[in-house]
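Using our numbering, the letters of the sequence shown map in sequence onto residues 63 to 360. Backbone N, C-alpha and C define an ideal beta-carbon position, used for all residues, glycine too. In this text, all values refer to a predicted model and were calculated from it rather than measured experimentally.
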Amino acid sequence: MFELSLLCPEDRVETLSEAFDALEALSVSVEDADAQTDAEQALFGEPGMPAPREGWQRSRITALFATRQAADEAVQLLQVQDFFAGCSVLGIAAVQEQDWVRLTQSQFEPVEITPDFWIVPTWHELPAAALRSIRLDPGLAFGTGTHPTTRMCLRWIARQGGADGVRALGRVLDYGCGSGILAMGAAKFGASDIDAVDIDAAAVEATRQNAQANGVQLNAGLPDQARGEYQTVLANILATPLKVLAPLLCAHVARGGHLVLAGILERQAEELQQAYAPWLPLQVADSEDGWILMTARR
């Protein structure tokens with residue numbers, strides 16, 4: 063396979079992407095051409111919502127083609143189009159054959175949550191300091207411990223669970239469980255009555271498989287399985303669905319119980335506080351890399 067790379071301004075990104083699609087490119091990716099420099103631009107967006115912008119001021123578009131001939135023909139066709147003005151060809155390069163399984167595995171190292179609590183892929187040895195651990199490989203569902211939102215939730219669970227997680231965490235609801243990592247974390251810190259729910263059937267199945275692999279007991283299912291009140295309600299989703307879910311999630315929090323929300327950018331703190339104000343007073347409890355953890359107690 064061969065990669066064709068172009069440099070273009072932001073207002074040409076969508077047009078060129080559509081052109082590559084018409085030229086039957088196998089894939090198209092867009093990156094900040096100034097990444098890793100002082101001119102790098104940060105763009106934050108949420109799944110299901112319109113992108114904040116189509117690209118960066120200087121965007122690098124890379125299209126993958128099955129043959130060198132197809133890549134060369136794409137260059138010839140694009141260069142004569144009016145919309146190609148202001149764009150330039152960076153080059154065509156052959157994609158080297160690689161052991162993609164080994165390459166993927168090399169990107170996932172053990173993740174330290176606390177000095178004695180780690181998330182460890184199955185192909186790694188447990189760190190000597192890991193008194194508690196979750197064995198987890200990247201798969202179909204979100205949640206491997208590498209994202210700041212997941213780490214913050216797990217740190218909160220570790221602090222709250224302490225030596226007596228049964229009493230401290232109580233009955234637990236992991237709403238939008240993904241891989242089940244938060245529910246399993248609660249189990250590792252003593253919680254024994256855990257419901258993990260998600261709208262995605264693949265996430266529910268992933269949670270069941272991960273729980274079995276880790277020797278953890280929990281109830282995984284669709285959202286209608288969440289019933290009654292819980293001492294701990296965890297939801298690591300994104301700001302927009304969290305706002306919609308405010309009355310539902312708050313209704314599940316027992317008297318004296320905790321609500322723990324993640325998937326929120328620092329700039330979204332006030333809008334989340336306003337959304338939850340009729341039910342519970344949210345506060346920022348942790349922050350990492352532009353993301354925050356918000357909690358409330360009934």
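Self-check item: Local conformation of E174 per DSSP, three classes
Solution: If you number the sequence shown from 1, residue 174 lands on position 112. E174 falls in the strand class under three-state DSSP.
Self-check item: Rounded separation between G247 and I196 - CA only
Solution: Counting from 1 along the sequence shown, the entry for residue 247 is found at position 185. Counting from 1 along the sequence shown, the entry for residue 196 is found at position 134. Their backbone Cα atoms lie some 7 Å apart in a straight line.
Quiz item: Taking Cβ positions only, does L244 come closer than 7 Å to chain B?
Solution: Of the protein chains in the structure, only one exists, and it is not chain B.
Quiz item: Would you say the segment 74 to 82 touches the segment 130 to 149, given that touching needs at least three Cβ pairs under 8 Å?
Solution: yes
Practice problem: Could you tell me which residues DSSP pairs with M353 in its beta bridges? | Solution: Taking the sequence shown and counting its residues from 1, one reaches residue 353 at position 291. For clarity, residue 353 is Trp in the given sequence; the question names Met instead. Bridge partners of W353: L327, E350.
Practice problem: Hey, could you find the ends of the beta strand (DSSP E) D94 is sitting in? | Solution: Walking along the sequence shown from the start, residue 94 turns up at place 32. Per DSSP, D94 belongs to the beta strand (DSSP E) from 89 to 94.
Quiz item: Do you know how far the Cα of C70 is from the Cα of Q158?
Solution: Along the sequence shown, one-based indexing puts residue 158 at 96. Along the sequence shown, one-based indexing puts residue 70 at 8. Straight-line Cα distance between these residues: approximately 25 Å.
Quiz item: Among E267, I123, L244, which has the Cα closest to the Cα of I175?
Solution: Here the question's residue 175 lines up with position 113 in the sequence shown. Taking each of E267, I123, L244 in turn and checking the Cα distance to I175, the smallest one comes out for L244.
Quiz prompt | L68: first and last residue of the uninterrupted beta strand (DSSP E) it sits in | solution = Numbered from 1 along the sequence shown, position 6 holds the residue referred to as residue 68. 64 to 71 is the span of the beta strand (DSSP E), which, as asked, contains L68.
Quiz prompt | Option nearest V75 by Cα separation, candidates A97, A265, R120, A337 | solution = As a working note, residue 75 is residue 13 in the sequence shown. Residue R120 is the option with its Cα nearest to V75.
Quiz prompt | Nearest-angstrom Cα separation, counted from A282 out to A386 | solution = Any property of residue 386 remains undetermined from this structure, which presents the chain solely from 63 to 360.
Quiz item: Who are the near neighbours of D351 in its chain, counting only those whose CB is closer than 6 Å to its CB and skipping five residues on each side?
Solution: Position 289 of the sequence shown, counted from the first residue, corresponds to residue 351. Excluding residues within five positions, the ones whose Cβ falls inside 6 Å are P210.
Quiz prompt | Contacting residues, own chain, Cβ-Cβ under 6 Å from A125 (five flanking each side not counted) | solution = Walking along the sequence shown from the start, residue 125 turns up at place 63. Excluding residues up to 5 positions away in sequence, L66, F82, A87, V90 lie with their Cβ nearer than 6 Å to the Cβ of A125 in the same chain.
Quiz item: Measuring CB to CB, does L334 end up less than 7 Å from L344?
Solution: Numbered from 1 along the sequence shown, position 272 holds the residue referred to as residue 334. Numbered from 1 along the sequence shown, position 282 holds the residue referred to as residue 344. Less than 7 Å separates the beta-carbon of L334 from that of L344.
Practice problem: Count the other C-beta atoms from every protein chain shown that fall within 10 angstroms of the C-beta of D236, then say buried if there are 16 or more, exposed otherwise. | Solution: Residue numbering aside, residue 236 sits at position 174 when the sequence shown is read from its first letter. So D236 counts as buried.
Self-check item: Three-state class that DSSP yields for F179 in the structure shown
Solution: Residue 179 sits at position 117 when you count from the first residue of the sequence shown. DSSP places F179 within a strand segment (E or B) once states are collapsed to three.
Quiz item: Would I219 pass as a contact of L198 if the rule is Cβ separation under 7 Å?
Solution: Here residue 219 corresponds to residue number 157 of the sequence shown, with the count starting at 1. Here residue 198 corresponds to residue number 136 of the sequence shown, with the count starting at 1. Contact: no.
Quiz prompt | Bounding residues of the alpha helix (DSSP H) (the contiguous stretch that carries F127) | solution = For the purposes of this step, residue 127 is taken as the residue at position 65 of the sequence shown. That residue, F127, is in no alpha helix (DSSP H); its beta strand (DSSP E) goes 120 to 127.
Quiz item: In or out: A358 buried (at least 16 other Cβ within 10 Å) or exposed?
Solution: Here residue 358 is taken as the residue at index 296 of the sequence shown, counted from 1. A358 should be labelled buried.
Practice problem: Would you kindly work out how many angstroms separate the C-alpha atoms of S254 and F179, rounded to a whole number? | Solution: Mapped onto the sequence shown, residue 254 falls at position 192. Mapped onto the sequence shown, residue 179 falls at position 117. Their Cα atoms are separated by approximately 18 Å.
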